[in-house]
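Quick notes on the structure that follows.
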Amino acid sequence: MSDPIFEPLEFRNLTVKNRIFRSNISGRFDNEDGSLTQTRINWECRFAAGGAGAVISSYVPVRMDGRIIAGYATIHRDEFIPLWQKLGEAVRAHGAKYILQLSHSGRQMDIPGVHNMHRPSPAPTSNMESLHGFLCQAMSTGEVRQMVRDFAQGAWRAREAGLDGIELHAANGYLFTQFLSSAINDRTDCYGGSLRNRARFLLEVIEAIRDKVGRDFHLQVKLSATDHNNVLPWEGKGNTVADTIEVAQWCEALGADALHVSTGSLFPHPLNPPGDLPLDVLAVTYDAMISSGVSGFRNFLLFRYPMLRPIFRWLWFRMKKGRPVEGVGYEEARLIKDAVTIPVLSTGGWQTASSVRNALGHIDGVSMARALVANPDLPQIWAAGHDLPPAPCTHCNKCLVGAPKLPMGCHELERFPSRDAMIDQLMEVYDTKAELQIPEAS
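Residues in the sequence shown are numbered consecutively from 17, following my numbering.
And the structure:
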């Protein structure tokens, strides 16, 4: 009897060799100008070599004012096309597909960097982001339409680079989510008000991409099934799964080839990524974000002083009660799958082969990040008949909360025989052996 995990997944224009997708995750691997590096190629190939059927890139902005952290690669310039082409070729050499995630931060910009310092981020609203207090400025109608064109141009660059497809990151609090959410979008023009109006920006981007690259280039959309925007109790809850089902159906009607289902109206969110929130690590790394938002210093104090941490833990963990870590968004993904005919992927804490097999009776694939960061060869471990790896991911989330300052990788010391072994794992992708060159004299 065949294993459903390792059955090919056929989209309209793309076939992936199994049902395992490396979800978007990144570190500060790249250059200040947005060009990618050998370190990023090493990072993405780690998961392709481990057996993932497809690698979904980390968050890739279509404009420099859409970065979440300086040091993340972008696709805002034609000159970067050959670099992305090289990365796609490297991933495919291991038998995996490479799907580029097109993104823009909107008001959710963690560390502006020199390009975006001291200027509000373009967003659908001028109301600052609720958790960190990032400042933003509502875009005019003309600016929104320019953003639509910029996404289409980013998709064209991805196609010209020979990549296998794109994903629009319309989840987890970034620009598309800010337009979609009834708790965030306060516009009174054609991009605000009703659900159809709030979805207009996303739908116009899908249409513009199809006009630019045609119907034969794979396009999937990542959506937050439910906003759960009331992380701070005085905030509105935002969109429900019923709202997102309608949006999903509109995306399918306009030519989306697949849907990738997440949850939450910000990132990180209590339900995404599921698991712990290591405040001791945040006490070390969050100072990098103090100047980014109005509420940054307040949050830093809550993380820095142990006697204040229970306040934040109560706010953060109250939503988690009764919810699983593995497959936290699975039931919502099932509801969306029942309402559309295109493939649906689910993300959220997947790590156990038996759980994934059971889920694949109702959805089409799963995406993972932290479980693969901990064990890049997890697909091979599953193929060998094991339900879990010998040292599974603990979902401690140290990798994610350390990202503003620390190298991306597993920081859970208990998973390693020694601290040196942990650091060796972190340093593997930085082994680039670059050839130093002398710039030409002018």
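Think of the CB as a built atom: it goes at the ideal place given N, C-alpha and C, for glycine as much as any other residue.
Separation of Gln117 from Ser307, as counted between CA atoms: As a first step, residue 307 is located in the sequence shown; it is residue number 291 there, counting from the start. As a first step, residue 117 is located in the sequence shown; it is residue number 101 there, counting from the start. Between Ser307 and Gln117, the C-alpha separation is close to 28 Å.
Within a Cβ cutoff of 7 Å, which residues of the same chain sit near Arg175, ignoring the five residues on either side of it in sequence? The sequence position of residue 175 within the sequence shown is 159, counting from 1. Counting only Cβ-Cβ distances below 7 Å, and skipping sequence neighbours, we find Val229, Phe233.
For the stretch 422-432 against the stretch 38-49, do three or more pairs of beta-carbon atoms, one drawn from each stretch, fall closer than 8 Å, so that the two count as touching? yes
Excluding the 5 residues flanking Ile222 on each side, which residues of the same chain have their C-beta closer than 8 Å to its C-beta? Taking the sequence shown and counting its residues from 1, one reaches residue 222 at position 206. Answer for Ile222: Leu184, Leu235, Val237, Cys267, Leu270, Gly271, Ala272, listed in chain order.
For Thr357, which of helix, strand or coil comes out of DSSP? Numbered from 1 along the sequence shown, position 341 holds the residue referred to as residue 357. Note: Thr357 maps to coil in three-state DSSP.
Can the beta-carbon of Ala89 be found less than 8 Å from the beta-carbon of Leu52? What you label residue 89 is simply residue 73 of the sequence shown in a count that begins at 1. What you label residue 52 is simply residue 36 of the sequence shown in a count that begins at 1. In this structure, Leu52 lies closer than 8 Å to Ala89 by Cβ.
I need the straight-line Cα distance from Ile261 to Pro359, nearest angstrom please. Counting from one through the sequence shown, the residue named residue 261 turns up at place 245. Counting from one through the sequence shown, the residue named residue 359 turns up at place 343. About 14 Å.
Closer than 7 Å by C-beta to Leu196: which residues in its own chain qualify, once you throw out the five before and the five after it? Chain order, please. Position 180 of the sequence shown holds residue 196. Result list for Leu196: Ala186, Arg214, Ala215, Leu218, Asn255, Val263, in chain order.
Could you tell me the alpha carbon to alpha carbon distance between Leu317 and Val107, rounded to whole angstroms? The sequence position of residue 317 within the sequence shown is 301, counting from 1. The sequence position of residue 107 within the sequence shown is 91, counting from 1. In a straight line, the C-alpha of Leu317 is about 42 Å away from that of Val107.
CB-CB length for Cys409 against Ala387, believed under 8 Å: Here residue 409 is taken as the residue at index 393 of the sequence shown, counted from 1. Here residue 387 is taken as the residue at index 371 of the sequence shown, counted from 1. Right, their Cβ atoms sit about 5 Å apart.
Are the CB atoms of Ala274 and Leu361 within a distance shorter than 8 Å? Residue numbering aside, residue 361 sits at position 345 when the sequence shown is read from its first letter. Residue numbering aside, residue 274 sits at position 258 when the sequence shown is read from its first letter. A contact, by the Cβ cut-off of 8 Å.
What is the DSSP secondary structure of Lys238, counted as helix, strand or coil? In the sequence shown, counting from the first residue as 1, residue 238 sits at position 222. The answer is strand: DSSP assigns Lys238 an E or B state.
As assigned by DSSP and simplified to three states, the class of Phe37: Position 21 of the sequence shown holds residue 37. Strand at Phe37.
Return the CA-CA distance between Trp250 and Ala304, expressed in angstroms with no decimal places. The count along the sequence shown starts at 1 and reaches residue 250 at position 234. The count along the sequence shown starts at 1 and reaches residue 304 at position 288. Straight-line Cα distance between these residues: approximately 27 Å.
Close-in-space but distant-in-sequence residues of the same chain around Val389 (CB under 8 Å, 5 per side omitted): For the purposes of this step, residue 389 is identified with residue 373 of the sequence shown, where counting begins at 1. So the list reads Ile41, Cys409, Cys415, Met424, Gly425, Cys426, once near-sequence residues are dropped.
Contact defined as beta carbons within less than 8 Å: I believe Ser137 pairs with Gly122. What is the distance between those atoms, to the nearest angstrom? Here residue 137 refers to the residue found at position 121 when the sequence shown is read from its first residue. Here residue 122 refers to the residue found at position 106 when the sequence shown is read from its first residue. At roughly 6 Å, the Cβ-Cβ gap stays under 8 Å, so Ser137 and Gly122 are in contact.
Please report the distance separating the alpha-carbon of Thr31 from that of Asn288. Residue 31 sits at position 15 when you count from the first residue of the sequence shown. Residue 288 sits at position 272 when you count from the first residue of the sequence shown. Taking the straight line from one Cα to the other gives about 28 Å.
Who does Gly181 pair with in a DSSP beta bridge? Within the sequence shown, residue 181 is the residue found at index 165, counting from 1. BP columns for Gly181 point to Ile115.
Coarse secondary structure for Phe283, derived from DSSP in three states: Walking along the sequence shown from the start, residue 283 turns up at place 267. Phe283 falls in the coil class under three-state DSSP.
Give the single residue among Gly291, Ala369, Arg325, Leu298 whose Cα lies nearest to the Cα of Gly338. Position 322 of the sequence shown holds residue 338. Comparing Cα-Cα distances from Gly338 to each of Gly291, Ala369, Arg325, Leu298, the minimum goes to Gly291.
Separation of Gln396 from Ile379, as counted between CA atoms: Within the sequence shown, numbered from 1, the residue matching residue 379 stands at position 363. Within the sequence shown, numbered from 1, the residue matching residue 396 stands at position 380. Each residue's Cα considered, the two are about 21 Å apart.
Express the C-alpha separation of Trp332 and Gln153 in angstroms, rounding to a whole number. Here residue 153 corresponds to residue number 137 of the sequence shown, with the count starting at 1. Here residue 332 corresponds to residue number 316 of the sequence shown, with the count starting at 1. Using only the alpha carbons, I get a separation of about 27 Å.
Excluding the five sequence neighbours on either side, which residues of its own chain have a C-beta within less than 6 Å of the C-beta of Phe328, listed in chain order? In the sequence shown, counting from the first residue as 1, residue 328 sits at position 312. Counting only Cβ-Cβ distances below 6 Å, and skipping sequence neighbours, we find Leu318.
What are the complete alpha helix (DSSP H) segments, minimum 4 residues, inside the stretch 358-411? 369-375, 386-390, 394-399
Would you mind sorting Tyr75 into buried or exposed? The rule is 16 or more other CB atoms within 10 Å of its CB. As a position in the sequence shown, residue 75 is number 59, starting the count at 1. Label assigned to Tyr75: buried.
7 Å Cβ shell around Phe63 - same chain, five flanking residues per side excluded: Working through the sequence shown from its first residue, we reach residue 63 at position 47. Within the same chain, Phe63 has close Cβ partners Arg38, Val71, Leu388, Pro392.
In the structure shown, what three-state DSSP assignment does Pro294 receive? Start at 1 with the first residue of the sequence shown, and residue 294 comes out as number 278. Coil, per DSSP.
Ile72 lies in the beta strand (DSSP E); which residues open and close that run? To locate residue 72, count along the sequence shown from 1; it is residue 56. Its beta strand (DSSP E) spans residues 70-77.
Per-residue DSSP class, three states only, for His276: Walking along the sequence shown from the start, residue 276 turns up at place 260. Strand at His276.
For Ala224, which residues of its own chain have a beta-carbon under 6 Å away from its beta-carbon, when the five flanking residues on both sides are left out? By 1-based counting over the sequence shown, the position of residue 224 is 208. Excluding sequence neighbours, Ala224 sits near Val164, Ala168.
Less than 6 Å between C-beta atoms, sequence neighbours within five positions excluded: which residues of the same chain meet that for Ala369? Stepping through the sequence shown from its first residue, residue 369 is reached at position 353. Hits under 6 Å: Trp398, Asp403.
Closer than 8 Å by C-beta to Arg435: which residues in its own chain qualify, once you throw out the five before and the five after it? Chain order, please. Sequence index remark: in the sequence shown, residue 435 carries index 419 (1-based). Taken in chain order, the residues that qualify are Leu429.
Would you kindly check if the distance between the Cβ of Ser240 and the Cβ of Gly280 is under 8 Å? Locating residue 280 in the sequence shown gives position 264, counting from the first residue. Locating residue 240 in the sequence shown gives position 224, counting from the first residue. A contact, by the Cβ cut-off of 8 Å.
Rounded to whole angstroms, what is the Cα-Cα separation between Ala199 and Ala299? The residue labelled residue 199 in the question sits at position 183 within the sequence shown. The residue labelled residue 299 in the question sits at position 283 within the sequence shown. So the two alpha carbons sit approximately 29 Å from each other.
Report all residues from its chain with a CB closer than 6 Å to the CB of Asp205; omit the five preceding and five following residues, and keep chain order. To locate residue 205, count along the sequence shown from 1; it is residue 189. Closer than 6 Å at Cβ, skipping near neighbours: Thr157.
Distance check for Arg373 and Asp354, CA to CA, integer angstroms please. Residue numbering aside, residue 354 sits at position 338 when the sequence shown is read from its first letter. Residue numbering aside, residue 373 sits at position 357 when the sequence shown is read from its first letter. Taking the straight line from one Cα to the other gives about 18 Å.
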